[in-house]
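Start counting the sequence shown at 61; every next residue gets the next number (this note's numbering).
Where a beta carbon is used, it is the ideal one built from N, C-alpha and C, also for glycine.
Here is the structure we will look at.
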Amino acid sequence: MESKIKEFMNLVKKRDQHEPEFLQAVQEVAETVIPYIASQNIYNGKNILLRMVEPERVLMFRVPWIDDNGEIVVNRGYRIEMNSAIGPYKGGLRFHPSVNLSILKFLAFEQVFKNALTTLPMGGGKGGSDFDPKGKSDGEIMRFCQSFMSELFRHIGPNTDVPAGDIGVGGREIGYLFGMYKKLRNEFTGVLTGKGMSWGGSLIRPEATGYGAVYFAQNMLETKKDTIEGKTVVISGSGNVAQYACEKATQLGAKVVTLSDSSGYIYDEDGIDAEKLAFVMELKNIKRGRISEYVKKYPSAKFFAGEKPWGIACEAAMPCATQNELNGDDANTLLKNGCIVVSEGANMPSTPEAIEAFHAAKILYAPGKASNAGGVATSGLEMSQNSLRINWTREEVDERLKKIMSDIHDSCIKYGRQDDGYIDYVRGANISGFVKVADAMLAQGVV
Ligand code: NDP
Ligand code: 2IT
């Protein structure tokens, strides 16, 4: 089996040797899915995984725009249309200076499995730009989004490819992107998700990723007849996912003690309650400030510049910032300090060494493609509401979200339970997502 996996990875490495994040994401899937394929006659010998690692289409384009000083700036735009076997391409847009082909291909690849897990009919895609939104004026953000969409509009559509937000892309950016799409196409359709409530958005979509990751942690803890109530939670990030993970964990009786950004983390021993979180939301979403400012408002909290929060003792950890933000040493520190559950809000935040440590210690560990699927699932619910031209209530969407997270948890158990009862959620999520997409690909022939 080892040699089969190696042989497969060598093929991928030969083509994509300069894409480390993509290779990392593929390696994890290959290790779990190739042994499964070998045990199933219907998938064996069909090169399905080889077809899955090749995007159906990669779009790369120039995004020229004019900054507030009148200078012409040129960024690079991308959309990876990875797999449409079970539905239109679906996945977010990331605006961050680190964005490149490797990062977007890893995200698009993970998205294919994640979207399949949601039980909704969505294929996988991802896109974005190396544009850095930090320090830009509203006008600059708008002009950039308009230029980006003036190329992307010809490739997307409600039945073709439906982008949404990710790092650096929230409600404001989706608004500017939607406005330009509507103008160019002269069509009001559900082409993007994460829209505002008065123009086709869904209640609970802003909350969905963070809420879903906490619901998933609850589902995992239930297998041990435990709950999140009373637990100390360490969260990284302070953006969309981190904020709503903090909100839901607190509502369910946990104590969240950290948040972070790329400059460092804050530790609030007393817990980040609803009032403090409201301050963070205004600071990050409206004033677009830095998390370090938290300690000016709440002086009993501490700010640790340039550090990550994984050294703080906790029972639950939720990495909600970015890929590879939690390494093997961090994982060992968390374990030493008594962490028993890790629910990833970000995509691929734990390195392979960290995952190995969690598995060796047999703690509850959920990979992002399972535990953060609530965001895209609720995007799927937004698409349904747009097609039906109706709006569901907050309670209705939240109930559906909870049910989807619990169904994802069930599918992880179905394919991830080991002989000793331990649930390998990585294996469970990868095989379950694979089966759904592979069956559709087999039915549709070699295309
Ligand atoms: P936001 O842009 O709202 O927030 C991102 C947060 O992560 C910020 O606090 C940011 O800090 C921090 N961060 C970003 N890049 C880095 C970095 N290189 N090093 C350290 N910190 C960093 O994004 P989201 O909250 O939407 O996304 C967070 C994660 O969740 C991503 O991995 C995303 O792919 C994933 N995700 C998002 C979903 C969604 O619906 N939005 C759905 C599923 C997954 P700073 O401000 O300093 O950059
Ligand atoms: O990584 C993700 O799942 C997202 N950024 C959300 C994608 C979406 O289409 O809602």
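- Across the structure, Leu461 and Glu307 are spaced so that their CA atoms are roughly 16 Å apart.
- Between Ile332 and Leu319, the C-beta gap is smaller than 8 Å, which places the two residues in contact.
- Inclusion of Ala406 in the 7 Å shell around the ligand NDP follows from its C-beta lying nearer than that to a non-hydrogen atom of the ligand.
- A distance of 8 Å or more separates the beta carbons of Glu170 and Ser144.
- Of the residues Phe82, Phe238, Gly195, His215, the one whose Cα lies closest to the Cα of Leu167 is Phe82.
- Remark: C-beta atoms of Arg139 and Leu212 approach each other more closely than 8 Å.
- In the structure shown, the three-state DSSP call for Ala406 is coil.
- Counting the other CB atoms within 10 Å of its CB gives Leu448 a total below 16, which places it among the exposed residues.
- If you draw a straight line from the Cα of Pro359 to the Cα of Glu329, it comes to about 11 Å.
- Annotated as distal: Asp127 and Val134, with beta-carbon spacing of 8 Å or more.
- In the structure shown, Met209 adopts helical secondary structure according to DSSP, grouped into three states.
- Per DSSP, the beta-bridge partners of Arg117 are Glu141.
- Using a 10 angstroms sphere on the CB of Ser431, the tally of other CB atoms reaches 16 or more, which defines it as buried.
- The region 262–275 and the region 235–250 do not touch, with fewer than three beta-carbon pairs separated by less than 8 Å.
- CA-CA distance, Pro181 to Ala421, rounds to 36 Å.
- Exclusion of Ser189 from the 7 Å shell around the ligand NDP follows from its C-beta lying no nearer than that to any non-hydrogen atom of the ligand.
- Nearest Cα to Ile400 within the set Pro412, Gly428, Ala489, Ala417: Ala417.
- The beta carbon of Cys380 sits closer than 7 Å to at least one heavy atom of the ligand NDP.
- One thing to note: Val316 has its Cβ within 8 Å of the Cβ of Thr310.
- Remark: the shortest separation between the CB of Gln311 and any heavy atom of the ligand 2IT does not fall under 7 Å.
- Its Cα nearest to that of Asp286, the residue Ala314 stands out among Ala314, Gly440, Ile295.
- Looking only at Leu395, Glu459, Ser298, the smallest Cα-Cα distance to Pro379 is reached by Ser298.
- Annotation for Asn446: Gly250, Gly260 place their beta carbon closer than 6 Å to its own, counting only its chain and skipping 5 residues before and after.
- In this structure, His469 places its C-beta atom within 8 Å of the C-beta atom of Phe276.
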